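Counting from 1, one number per residue, gives the positions in the sequence shown under full-length UniProt numbering.
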Amino acid sequence: LHLDLLARRVFRAGTRLELTAKEFSLLSLLARHQGEILSKMMIAEQIWDMNFDSDANVVEVAIKRLRAKVDAPFDIKLLHTVRGMGYVLEVRSE
């Protein structure tokens, strides 16, 4: 996975991934904290500049859309859910 922060482009296995501005921001946040579990609250505050409402599923929807672009076409998955804690970007040997 390669993020070009200046050009706001993402490549995986040489293929350019078309992301929305929010998807790029979310992936950039996860990449800056690679290997760290980020809570939904932290993601919501950083990406949407909003106080987290546990009933709001904005983070789950964004992660689902991001996974469809970043992970679905590839065998090795990078975006992982840590149940009850949040999300992490990392390569895992499963």
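Don't be surprised by glycine CBs; every beta carbon is placed ideally from N, CA and C. The model shown is predicted, which means the values in this text are computed figures rather than measured ones.
{"Query": "Mind checking Leu-6: buried by the 16 CB within 10 Å criterion, or exposed?", "Result": "exposed"}
{"Query": "Note the first and the last residue of the continuous alpha helix (DSSP H) segment covering Phe-11.", "Result": "No alpha helix (DSSP H) contains Phe-11, which is instead part of the beta strand (DSSP E) from 9-12."}
{"Query": "Can you give me the Cβ contacts of Leu-78 inside the same chain, cut-off strictly under 8 Å, excluding the 5 residues immediately before and after it?", "Result": "Leu-1, Val-70, Asp-71, Leu-89, Glu-90 and Val-91"}
{"Query": "I'd like the ranges of any alpha helix (DSSP H) spanning at least 4 consecutive residues and lying wholly in the UniProt domain \"OmpR/PhoB-type\" (1-91).", "Result": "21-32, 40-47 and 58-70"}
{"Query": "Would you call Ile-63 buried or exposed, if buried means 16 or more other Cβ atoms sit within 10 Å of its Cβ?", "Result": "buried"}
{"Query": "Relative to the C-alpha of Tyr-87, which candidate in Ala-68, Pro-73, Ile-37 and Asn-57 has its C-alpha closest?", "Result": "Ile-37"}
{"Query": "Out of Arg-8, Asp-75 and Ile-76, point me to the one whose CA is closest to Leu-26's CA.", "Result": "Arg-8"}
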